[in-house]
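J.:
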Amino acid sequence: MRKSLCLAILLGVATLTGCSNPVPPPGVTVVENFNINRYLGTWYEIARLDHPFESGLEQVTATYGLQVNGGVSVINRGYNPARGIWQSAEGEAWFTGEPTKGALKVSFFGPFYGGYNVMAVDKYYQHALLCGPDKNYLWILSRTPTLSQEVKNQYIHLAQQQGFDTSKLIWVKQAPSVAK
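Residue numbers -22 to -1, 1 to 158, in mature numbering (1 follows the signal peptide of the UniProt record, and there is no 0), belong to the letters of the sequence shown in order.
Here it is in structure tokens:
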């Protein structure tokens, strides 16, 4: 069990290391008036472009907390129904420039960082669109396990405008509560 979690994390690190560019991908814009304090807390993963480190996971959440050193703690958690277990990975994120811009770098393993770019967030910080170091990484997040089709369509359209292939999005199965 622990061995497969380590393997999943290492695969994720290897993938991010291969494209460890902490700046947004070309053609991608990030939120300009970003407020990290409003972004903190737990988010549900609504959709993603799939990768080995998340493949097969359901009920995925990401929880962010402010650290005393100025960094942002990151805890990603998901349920693996094939194995009947919860899996998690802990990391740390840092702003790559001004803390009012949604451009960060994240690491789940030592000194290897990948881009974490908030492309859009609503004014109430209830749902967000973000991408990684290149256009193969895309997520739609929400504060709740569900998101209206209108908002999904809005984020899909924005992602397409910025060059993402949204036809490959995986819609994550969420339960009403993932508090286990």
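Built from N, CA and C at the ideal position, the CB exists for glycine as well. Remember, it's a predicted structure, so these values are computed and weren't measured experimentally.
Just reading off the beta strand (DSSP E) that Arg16 is part of, what are its end residues?
T.: Looking at the DSSP string, Arg16 is not in any beta strand (DSSP E); the run it does join, the alpha helix (DSSP H), is Ile14 to Tyr17.
J.: According to DSSP, which residues form a beta bridge with Tyr22?
T.: Answer by DSSP bridge pairing, in chain order: Thr39 and Ser120.
J.: Alpha carbon to alpha carbon, how far is Gly62 from residue 177? Give it in angstroms, no decimals.
T.: What the structure shows of the chain is the stretch from -22 to 158, and residue 177 is not part of that stretch, so it cannot be assessed.
J.: Which residues in the same chain have their Cβ closer than 6 Å to the Cβ of Gln139, if we skip the five residues on either side of it in sequence?
T.: none
J.: Could you tell me the distance, in whole angstroms, from the CA atom of Leu44 to the CA atom of Ser51?
T.: 6 Å
J.: Which residue from Pro111, Ser126 and Trp149 puts its Cα closest to that of Gly5?
T.: Pro111
J.: Which value, in whole angstroms, describes the spacing of the CA atoms of Lys79 and Ala153?
T.: 32 Å
J.: What is the rounded straight-line gap between the Cα of Trp72 and the Cα of Leu116?
T.: Their backbone Cα atoms lie some 19 Å apart in a straight line.
J.: Is the segment 88 to 95 close to the segment 121 to 131, with three or more CB pairs under 8 Å?
T.: Because the criterion of three Cβ pairs below 8 Å is not met, the segment 88 to 95 and the segment 121 to 131 do not touch.
J.: I need the straight-line Cα distance from Val9 to Pro77, nearest angstrom please.
T.: Looking at the two C-alpha atoms, the distance is approximately 11 Å.
J.: Runs of 3 residues minimum, wholly inside the segment 73 to 138: which ones carry the beta strand (DSSP E) assignment?
T.: 81 to 87, 90 to 99, 105 to 109 and 116 to 120
J.: Tell me which residues share the same chain as Tyr57 and place their Cβ nearer than 7 Å to its Cβ, disregarding the 5 neighbours each side in the sequence.
T.: Leu35, Glu36, Gln37 and Trp64
J.: Going along the chain, which residues of its own chain have a beta-carbon closer than 7 Å to the beta-carbon of Ile148, five neighbours each way excluded?
T.: Closer than 7 Å at Cβ, skipping near neighbours: Ala25, Arg26 and Asp28.
J.: First and last residue of the beta strand (DSSP E) that includes Val50?
T.: Val50 to Asn58
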